Structures are given as C-alpha cells and as structure tokens.
Amino acid sequence: MSQVTRLPRTTRLFLAGNTVSMVGTGLVLPFLLIYLHQVRGIALPVVGALLAGAAVAGLIVVPISGALIDRLGARPVLVAIMLGQAIADVLFALAHNVETALPAVLLYGALWVPMFSTLQTMIAGLTPDPVTQQRAFAINFTAQNAALGTGAAVGAAVVGAGAQNPTSFEALFLANAASCLLFVAVLPFIQNPHRPLQRSEPKAGYRDVLAHPGLR
Numbered sequence: 002m003s004q005v006t007r008l009p010r011t012t013r014l015f016l017a018g019n020t021v022s023m024v025g026t027g028l029v030l031p032f033l034l035i036y037l038h039q040v041r042g043i044a045l046p047v048v049g050a051l052l053a054g055a056a057v058a059g060l061i062v063v064p065i066s067g068a069l070i071d072r073l074g075a076r077p078v079l080v081a082i083m084l085g086q087a088i089a090d091v092l093f094a095l096a097h098n099v100e101t102a103l104p105a106v107l108l109y110g111a112l113w114v115p116m117f118s119t120l121q122t123m124i125a126g127l128t129p130d131p132v133t134q135q136r137a138f139a140i141n142f143t144a145q146n147a148a149l150g151t152g153a154a155v156g157a158a159v160v161g162a163g164a165q166n167p168t169s170f171e172a173l174f175l176a177n178a179a180s181c182l183l184f185v186a187v188l189p190f191i192q193n194p195h196r197p198l199q200r201s202e203p204k205a206g207y208r209d210v211l212a213h214p215g216l217r
C-alpha cells in the first residue's frame, strides 16, 4: 500500500484560511436577495438588475485580474480581493436604498468572480507535485462547499430569529468582513507562487486562448 503524501504546511494553512472566509461568505450569500428586497425595500426587478450588474462587473474584472496574477503573482491579487470583499460587506451593512446598495453590489460582484481563479492559482503554485496538487484541489473543493453550507445554516438561524430585523443582517455582513480579514492575516505567512516570465519565453494572451479551436 503506497503512503499518501501529506500536504505542505503552507498549503494546509492556505486551505484553512480559505475555509474560514467561505464560512463568512455562506452567512450572507444566500440572503442577498432577501436582504435587499424584504429588509431594505428595494423592488424585486431592481434587485435582479443589481445582481445581474454584479455578474457583469465580475466578467469585466476577470481578464484584468489574470494579467495582474501573471505580473505580480496570485497572493497580492488575493489580498486585494479579500480586502475589497470586506469593504463590500461593510457597504452592504450600511446600504439603505438603491443608491447605497449599488456600489456594494458591484464591488462584491467584481471581486467574487475572479476570486476563484486566484484561489486555484495559489493552490497550484503551492503544491506543484501533480499527485499532491490534485489532493489539494479535492480537499479545497470539499472544505469550501462544507464551509458555505455551514455559514448558510448559521445565517438562516440568525435571519430566522431576527425576522426582518436589519440589525441581524448587518451583523452577518460584518461577520463576513471579519472572516475575509482573517484570511488576509494568514496570507503573509504563505509564499507568493510567482514565476517571472523569461524574455526567451513566447508571450501568450487572451487572443491565443480564444483562438484555440478546442475552446471554440
């Protein structure tokens, strides 16, 4: 029977930090529509438009985040994403109408979409061994989804107890902001897996990716 290689300490620390932040995400993500519509009184079609705008903002930011990861590495990009999400959560807690909710929704959406590719890049860089890397991806997928479910269960209990009390929702958003900051506090202890591009290497861009016949 072959011995299973243990994940590197830095990878385990990274996965633990991401799990904590995902618990915070689970506290608020399933309840955004309820919060904006039932608690803040924003019309349902307007809430739908806001959430659609968040998705569009994420699509716009993804190519930019990819270029920054190539130039700076994944860790500083992830730090910026987590700090931005913490700010978005505070803005959500302070939002009372469409005008104040709009920047929170757009900022959260712009950072939510590129977060996953940045997380995957970090895991791949921290565990270059193919076998260990696949285990790290599998563990992260399992822990991430379990954390989201745990956060959602806790959030549902808080929301149910508080009915439509804005204070209950505000507390959840601030707790999510705190979980993002805890992840940020862990990241300085993890190396930045960034390999500088050599001048002799051929450059590749999004045009090359989109031109690939298999992708089309």
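So in my numbering, spot 67 of the sequence shown is number 68, and the numbers just go up one at a time.
For glycine and all other residues, C-beta sits at the position ideal for the given N, C-alpha and C.
Since the model is a prediction, treat every value here as computed from it, not as a measurement.
Query: Rounded C-alpha distance that separates residue 127 from residue 41; Result: 42 Å
Query: Unbroken alpha helix (DSSP H) run spanning residue 88, endpoints; Result: 75–95
Query: Endpoints, alpha helix (DSSP H) assigned at residue 40; Result: Run containing residue 40: none; DSSP gives neither H nor E here.
Query: Residue interval of the alpha helix (DSSP H) (run including residue 126); Result: 99–127
Query: Three-way DSSP call (helix, strand, coil) for residue 9 in this model; Result: coil
Query: Residues near residue 193 by beta carbon distance below 6 Å, same chain, minus five either side; Result: 74 and 76
Query: Closest by C-alpha distance to residue 86, when choosing among 110, 71 and 52; Result: 110
Query: Beta-carbon proximity check, residue 90 vs residue 177, cutoff 7 Å; Result: yes
Query: Residue 2 burial status per 10 Å Cβ neighbour count (16 or more: buried); Result: A caution first: residue 2 carries a pLDDT of 39, below 50, which makes its placement in the model unreliable, though a value can still be read off. Looking at its Cβ environment, which holds fewer than 16 other Cβ atoms inside 10 Å, residue 2 is exposed.
Query: At least three beta-carbon pairs within less than 8 Å, the stretch 138–150 to the stretch 11–28; Result: yes
Query: Residue range of the alpha helix (DSSP H) that includes residue 170; Result: 167–187
Query: Proximity below 7 Å, CB of residue 27 to CB of residue 152; Result: yes
Query: Cβ-based neighbour list, residue 60, same chain, cut-off 7 Å, excluding 5 preceding and 5 following; Result: 114
Query: Option in 98, 32, 123 and 13 with minimal Cα separation from residue 174; Result: 32
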